[in-house]
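Peer 1:
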Ligand code: HEC
Ligand code: HEC
Ligand code: HEC
Ligand code: HEC
Ligand code: HEC
Ligand code: HEC
Ligand code: HEC
């Protein structure tokens, strides 16, 4: 297949721009889809006529909303992003007509070999001056902890703001030598009444502190500034250029003045938002996609690891240049690349919703079958592929109908209107790769 990126992207951007105008408000609303066709409590078998019912077999599929969460290594001087992973899951009761279920069950989650964060980051020392909240040790900004119960929404479970670090208990000392960015979350779906386990899964909870401002802001590199620390060099430069007094206000939360949708902070409306300020100012030093890795994680983390990266796509193919990211007409964190820009219409996101908020076949989230952005399955990170190998015996898109439908397939097309035969045909070339 021949892909003309530029042509596809330009057309897509025009479409995105249009849909953005039309649906701006909807986008900001809660991501949950309407609770159509949800099962009643307790699940009542839908009495298939020709086959024996698959007696209450459940599947749980979990994912992290983003393909990578980036956080500061230290919060002593400045903060861009706090520790804040958000995990999602859907539970499916298997059957010819599978059902997505959230009632009469719960999901307990934990992170493998990662039970605490205090000492792996200094976040709790500075959470009060930065965010104005008193947090108990190991409790994140939303009250989430490293293990607990996910919250039920109409069509999924989620736990927002897990204060996860990239350091395992078995190698807790902070620093690049111990970075383990592809952390693993374990989820167990249980019957609420009996506590009985219905299904379990292990999925990636990615987090990285690889924000390499030091490439360019080390002592003496910018305007001869030498404070002995990269972050105070940056604050000193900012004070010098803008006449601010950030050095005297440490620790500084950038989003206090430069709004960030990632934190839900509007900032000072007179000032550029943080994404625009950063990408605009660094436009000249961000020439190629590999320059994106100087601030985004990163040369070591390699957060872009998905099937498309393996087929030659890089940051700028989807996001455009730093100048395009800095476009003042974009709403950062909301107006993001869309699958439908390059793929055919039956593979599109829901109108006005981001990929991560969109649902497809059977009310399943796109991410349930494909994984998170930058980690579209199969990826080159073994941990990303564990879940689907466990579910269907091979890596890649969740495309084995039997995982949800059991032994008896319904007649009719599957995901994206592909019938199972055509789909198998389409998929085979990927399998043998
Ligand atoms: C590839 C090199 C490079 C990297 C990496 C880099 N910067 Fe910069 N930064 C620059 C250059 C060049 C300037 C222009 C200022 C100057 O040297 O006079 C600058 C300026 C700034 C300014 C001053 C803005 C102003 O005018 O007030 C801030 C703040 C800043 N950088 C923050 C950061 C942060 C935070 C990171 C890491 C997330 C980072 N930079 C990473 C090269 C870089
Ligand atoms: C107290 C408010 C305040 C805080 C906090 C703050 N800034 Fe700024 N920043 C400003 C002002 C004011 C400007 C000048 C804006 C202008 O000229 O439009 C600026 C400009 C910038 C620019 C240059 C934008 C451009 O287009 O030239 C960058 C980059 C920047 N800030 C990054 C940061 C980073 C990174 C942090 C956190 C470490 C931060 N700022 C924290 C007030 C602040
Ligand atoms: C194949 C296309 C593609 C490539 C290549 C790509 N991105 Fe993305 N990126 C996306 C999509 C799609 C989203 C938003 C998904 C959504 O709607 O939730 C996104 C979102 C983001 C976000 C916002 C946080 C998040 O994960 O949603 C950042 C930051 C980002 N990308 C940076 C990068 C960087 C840096 C690179 C290169 C290392 C890169 N992207 C490569 C498609 C891509
Ligand atoms: C000098 C550091 C730096 C470089 C280089 C950089 N970024 Fe960023 N980027 C940031 C910071 C800091 C944020 C977080 C802004 C926030 O919290 O709102 C960010 C956020 C983003 C986001 C999410 C917010 C949004 O605007 O939607 C995207 C997408 C993104 N970057 C893409 C890229 C791409 C693509 C490149 C390479 C072309 C790149 N960035 C290069 C510092 C950088
Ligand atoms: C900038 C264009 C672009 C964007 C945006 C994009 N893709 Fe792709 N995608 C491609 C290209 C090119 C290929 C490789 C096609 C090939 O090798 O024949 C590909 C391949 C794939 C494949 C492998 C398909 C196969 O036949 O093996 C999947 C799955 C996929 N993309 C999913 C997505 C999802 C999900 C999104 C949105 C989150 C997305 N893509 C966004 C261009 C894009
Ligand atoms: C029930 C699982 C499932 C769900 C949910 C799902 N997909 Fe897919 N998707 C598939 C299968 C199966 C394929 C066929 C190719 C493959 O197996 O990788 C596919 C292929 C794709 C491709 C690649 C098409 C190409 O050009 O080769 C894109 C893009 C895509 N899906 C986007 C989405 C988006 C966007 C959503 C949410 C609106 C979504 N998918 C929801 C199973 C799913
Ligand atoms: C990740 C789980 C999952 C996978 C994988 C999956 N499905 Fe489904 N499918 C569902 C759910 C959930 C429904 C919704 C059932 C309902 O409408 O009550 C559904 C509905 C259907 C329906 C409509 C059934 C009806 O009676 O209305 C058909 C047909 C179907 N799937 C075919 C397929 C095929 C073919 C595949 C494999 C290519 C497949 N599905 C893979 C979860 C899945």
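In the working numbering, the protein residues as written are 41 to 473.
Every residue, glycine too, gets a C-beta built ideally from N, C-alpha and C.
Keep in mind it's a predicted model, so treat the numbers as computed, not measured.
(1) Which same chain residues end up closer than 8 Å to residue 278 when comparing Cβ atoms and leaving out the 5 residues on each side of it in sequence?
(2) With a cut-off of 5 Å, give the chain-ordered residues whose Cβ is closer than this to any heavy atom of ligand 3.
(3) Using the three-state DSSP reduction, which class does residue 164 fall into: helix, strand or coil?
(4) Assuming the contact rule is C-beta atoms closer than 8 Å, residue 102 and residue 415 should be a hit. Round their C-beta distance to whole Å, please.
(5) Are there any heavy atoms of ligand 7 lying less than 7 Å away from the beta-carbon of residue 440, as far as the coordinates show?
(6) Does any heavy atom of ligand 2 sit closer than 7 Å to the C-beta of residue 422?
(7) Can you pull the DSSP bridge partners for residue 127?
(8) Looking only at C-alpha atoms, which of 340, 301 and 166 sits nearest to residue 215?
(9) Per DSSP, which one or two residues make a beta bridge with residue 96?
(10) Out of 411, 288 and 335, which one is the CA nearest neighbour of residue 348?
(11) Can you tell me whether residue 173 is buried or exposed? The criterion is at least 16 other CB atoms within 10 Å of its CB, across all chains shown.
(12) Could you check which residue in 104, 123, 382 and 369 has the C-alpha nearest to that of residue 185?
(13) From what residue to what residue does the alpha helix (DSSP H) around residue 427 run?
(14) So residue 247 is in the beta strand (DSSP E); what residue range does that whole segment cover?
(15) Could you check the C-alpha separation between residue 451 and residue 296 for me, to the nearest Å?
(16) Would you say residue 292 touches ligand 6, meaning its beta carbon is less than 7 Å from a heavy atom?
(17) Please say whether residue 356 and residue 329 have beta carbons closer to each other than 8 Å?
(18) Flag this pair as yes or no: are the beta carbons of residue 145 and residue 232 separated by less than 8 Å?
(19) Should residue 203 and residue 157 be called a contact, given that it needs their Cβ atoms to be closer than 8 Å?
(20) Could you tell me if the beta carbon of residue 204 falls within a distance shorter than 7 Å of some heavy atom in ligand 4?
(21) Do residue 128 and residue 407 have their C-beta atoms within less than 8 Å of each other?
(22) Can you name, in chain order, every residue of its own chain whose Cβ lies under 7 Å from the Cβ of residue 162, other than the five neighbours on each side?
(23) Is residue 196 near ligand 5, judged by its Cβ being under 7 Å from some heavy atom?
(24) In terms of alpha-carbon separation, which member of 379, 200 and 422 lies closest to residue 182?
(25) When we look at the beta-carbon of residue 419 and count the other beta-carbons within 10 Å, is it buried (16 or more) or exposed?
(26) Nearer than 7 Å: is that true of the beta carbon of residue 409 relative to any heavy atom of ligand 5?
(27) Name the residue from 151, 131 and 242 whose alpha carbon lies nearest to the alpha carbon of residue 194.
Peer 2: Working from what's here:
(1) In the chain shown, counting from the first residue as 1, residue 278 sits at position 238. Correct list, in chain order: 284 and 286.
(2) 106, 332, 336, 344, 348, 353, 355, 358, 376, 377, 394, 395, 396 and 413
(3) Here residue 164 refers to the residue found at position 124 of the chain shown. Note: residue 164 maps to helix in three-state DSSP.
(4) Start at 1 with the first residue of the chain shown, and residue 102 comes out as number 62. Start at 1 with the first residue of the chain shown, and residue 415 comes out as number 375. With 8 Å as the limit, residue 102 and residue 415 do not qualify as a contact, their Cβ atoms being about 13 Å apart.
(5) For the purposes of this step, residue 440 is identified with residue 400 of the chain shown, where counting begins at 1. The answer is yes for residue 440.
(6) For the purposes of this step, residue 422 is identified with residue 382 of the chain shown, where counting begins at 1. No - ligand 2 has no heavy atom lying nearer than 7 Å to the Cβ of residue 422.
(7) Your numbering for residue 127 matches position 87 in the chain shown. DSSP lists 104 and 199 as partners of residue 127.
(8) Start at 1 with the first residue of the chain shown, and residue 215 comes out as number 175. Among 340, 301 and 166, the Cα nearest to that of residue 215 is on 340.
(9) Taking the first residue of the chain shown as position 1, residue 96 is located at position 56. The partner list for residue 96 (beta bridge, DSSP) is empty, contrary to what the question assumes.
(10) As a working mapping, residue 348 is identified with position 308 in the chain shown. For residue 348, the nearest C-alpha among the options comes from 411.
(11) In the chain shown, residue 173 corresponds to position 133, counting from 1. So residue 173 ends up on the exposed side.
(12) Indexing the chain shown from 1 puts residue 185 at position 145. When each option's Cα is compared against that of residue 185, the closest is 123.
(13) By 1-based counting over the chain shown, the position of residue 427 is 387. From DSSP, the alpha helix (DSSP H) with residue 427 extends over 422-432.
(14) The count along the chain shown starts at 1 and reaches residue 247 at position 207. That run of the beta strand (DSSP E) goes 237-248.
(15) The count along the chain shown starts at 1 and reaches residue 451 at position 411. The count along the chain shown starts at 1 and reaches residue 296 at position 256. Straight-line Cα distance between these residues: approximately 55 Å.
(16) Walking along the chain shown from the start, residue 292 turns up at place 252. No, ligand 6 has no heavy atom inside 7 Å of this Cβ.
(17) As a first step, residue 329 must be located in the chain shown, where it is residue number 289. As a first step, residue 356 must be located in the chain shown, where it is residue number 316. Yes, the pair counts as a contact, with Cβ atoms nearer than the cut-off.
(18) Against the chain shown, residue 145 aligns to sequence position 105. Against the chain shown, residue 232 aligns to sequence position 192. Closer than 8 Å, so yes.
(19) The residue labelled residue 203 in the question sits at position 163 within the chain shown. The residue labelled residue 157 in the question sits at position 117 within the chain shown. Closer than 8 Å, so yes.
(20) Translated into the one-based positions of the chain shown, residue 204 becomes position 164. No; taking the cut-off as 7 Å, the Cβ of residue 204 has no heavy atom of ligand 4 nearer than that.
(21) Position 88 of the chain shown holds residue 128. Position 367 of the chain shown holds residue 407. Their beta carbons are under 8 Å apart, which means residue 128 touches residue 407 by this criterion.
(22) On the chain shown, residue 162 is found 122 positions in, with the first residue counted as 1. 114, 115 and 116, listed in sequence order.
(23) Here residue 196 refers to the residue found at position 156 when the chain shown is read from its first residue. No.
(24) Position 142 of the chain shown holds residue 182. Residue 182 has its Cα closest to that of 200, out of 379, 200 and 422.
(25) One-based indexing of the chain shown puts residue 419 at position 379. So residue 419 ends up on the buried side.
(26) One-based indexing of the chain shown puts residue 409 at position 369. Incorrect: residue 409 has no Cβ contact closer than 7 Å to ligand 5.
(27) Along the chain shown, read from residue 1 onward, the residue named residue 194 stands at position 154. For residue 194, the nearest C-alpha among the options comes from 131.
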